[in-house]
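Enquirer: Under this note's numbering, think of the first position of the sequence shown as 4, with each following residue one higher.
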Amino acid sequence: MTTTDEVERPRPGERLLDLVAVMDRLRSPGGCPWDAEQTHESLAPYAVEEAHELADAIASGDREHLVEELGDVLLQVAFHARVGQEHATEPFDVDDVADAIITKLQRRHPHVFADAVVSGAADVEVSWEAIKALEKPDRTGLLDGIPASLPALALAAKTASRLERTGRGELLAAAAAPQPDDVGAALLALVLDARGRGIDAEQALRGTVLRLAATADGDD
């Protein structure tokens, strides 16, 4: 028996089309003056902020909050895609954005969309990195493709992962060797120790600070 809720529920993805239409209305003449003035550059800080708010929602375990923050992140994609349509010489739209990620996912999952064989998640990661290296052969610097704006502990962990995958772990050991008054080397050593134990140093420190804040607020 089909219930009323089942009949009225939109098909998967249907509301995404509604979001595109709403964003078009906001951006078009007669829409919102603030939305009409935005550029990729002016919107960039909001994307960073929304990503952090999403991470907080995930950590909170609040499912309703998580849905809300995922929506805010999705808005950033829809907004940038709508702005992209207006470029004079190199326009793109939300379908171009979707096409790009669909193509990438299919290309980097040959064990799903082609005839490659993997034995587990570790094999998938190795395959992913190998395919990415073929896609972007011009990347020669250690930090190429790693956002320099990442928080320092996360940047250290990401860099360590790349060095380990490329067989240059000795550089890590040398950089993290104890040096008098070298706080950076000491912090890197802690990041490497955390990685060795399967711990995300960035999240570990964040959790400690948040617990400290909660304790301090409780003492007020």
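Idealized CB from N, CA, C, for every residue including glycine.
Keep in mind it's a predicted model, so treat the numbers as computed, not measured.
Do the region 28 to 41 and the region 106 to 116 meet, that is, are 3 or more Cβ pairs less than 8 Å apart?
Expert: no
Enquirer: By the three-class DSSP mapping on this structure, what secondary structure does residue 174 have?
Expert: The residue labelled residue 174 in the question sits at position 171 within the sequence shown. Reduced to three states, the DSSP call for residue 174 is helix.
Enquirer: Can you give me the Cβ contacts of residue 97 inside the same chain, cut-off strictly under 8 Å, excluding the 5 residues immediately before and after it?
Expert: Locating residue 97 in the sequence shown gives position 94, counting from the first residue. If we look at residue 97 and ignore the five residues flanking it on each side, its Cβ neighbours are 23, 80, 81, 84 and 85.
Enquirer: Answer yes if the region 128 to 146 comes into contact with the region 92 to 106, meaning at least three C-beta pairs across the two stretches below 8 Å, and no otherwise.
Expert: no
Enquirer: Measuring straight from C-alpha to C-alpha, what distance separates residue 64 and residue 70?
Expert: As a position in the sequence shown, residue 64 is number 61, starting the count at 1. As a position in the sequence shown, residue 70 is number 67, starting the count at 1. For the pair residue 64 and residue 70, the Cα-to-Cα distance works out to about 11 Å.
Enquirer: If we require 4 or more residues per run, which alpha helix (DSSP H) segments fall completely within the region 134 to 191?
Expert: 155 to 168 and 172 to 178
Enquirer: By Cβ distance, which residues of its chain are closer than 6 Å to residue 2, with the 5 residues on each side in sequence left out?
Expert: Here the chain covers residues 4 to 223 and nothing more, so residue 2 does not appear.
Enquirer: Is the beta carbon of residue 195 sitting closer than 8 Å to the one on residue 179?
Expert: Counting from one through the sequence shown, the residue named residue 195 turns up at place 192. Counting from one through the sequence shown, the residue named residue 179 turns up at place 176. Contact flag set, yes.
Enquirer: Would you report the Cα separation of residue 161 and residue 138, rounded to the nearest angstrom?
Expert: Mapped onto the sequence shown, residue 161 falls at position 158. Mapped onto the sequence shown, residue 138 falls at position 135. Residue 161 and residue 138: Cα-Cα distance of roughly 20 Å.
Enquirer: Does residue 191 pass the burial test, meaning 16 or more other C-beta atoms within 10 Å, or should it be called exposed?
Expert: Looking up residue 191 in the sequence shown gives position 188. Per the 10 Å Cβ criterion, buried.
Enquirer: Which class does residue 12 belong to by DSSP, given the choice of helix, strand or coil?
Expert: In the sequence shown, counting from the first residue as 1, residue 12 sits at position 9. DSSP places residue 12 in the coil class of the three-state scheme, outside both helix and strand.
Enquirer: Between residue 53 and residue 72, which are expected to be in contact by the criterion C-beta below 8 Å, what is the C-beta distance as a whole number of angstroms?
Expert: By 1-based counting over the sequence shown, the position of residue 53 is 50. By 1-based counting over the sequence shown, the position of residue 72 is 69. Under the criterion of beta carbons closer than 8 Å, residue 53 and residue 72 qualify as touching, at roughly 7 Å.
Enquirer: Return the chain-ordered list of same chain residues with a C-beta closer than 7 Å to the C-beta of residue 204, the five sequence neighbours on each side being excluded.
Expert: Sequence index remark: in the sequence shown, residue 204 carries index 201 (1-based). Closer than 7 Å at Cβ, skipping near neighbours: 156, 160, 193, 194 and 197.
Enquirer: Let's see if you can read the secondary structure: which residues bound the alpha helix (DSSP H) around residue 64?
Expert: Locating residue 64 in the sequence shown gives position 61, where the first residue counts as 1. Segment: none, residue 64 is in no alpha helix (DSSP H) and carries neither H nor E.
Enquirer: Among the candidates 120, 220, 51 and 136, whose CA atom is the shortest distance from the CA of residue 168?
Expert: As a working mapping, residue 168 is identified with position 165 in the sequence shown. Comparing alpha carbon positions, the residue from 120, 220, 51 and 136 closest to residue 168 is 136.
Enquirer: Taking the alpha helix (DSSP H) that residue 17 belongs to, which residues open and close that run?
Expert: As a position in the sequence shown, residue 17 is number 14, starting the count at 1. That run of the alpha helix (DSSP H) goes 17 to 30.
Enquirer: When the Cα of residue 166 is compared with those of 149, 154, 43 and 181, which residue comes out closest?
Expert: Reading the sequence shown from its first residue, position 163 is the one you call residue 166. Comparing Cα-Cα distances from residue 166 to each of 149, 154, 43 and 181, the minimum goes to 149.
Enquirer: What are the boundary residues of the alpha helix (DSSP H) that includes residue 42?
Expert: Your numbering for residue 42 matches position 39 in the sequence shown. Element bounds for residue 42: n/a, residue is neither H nor E.
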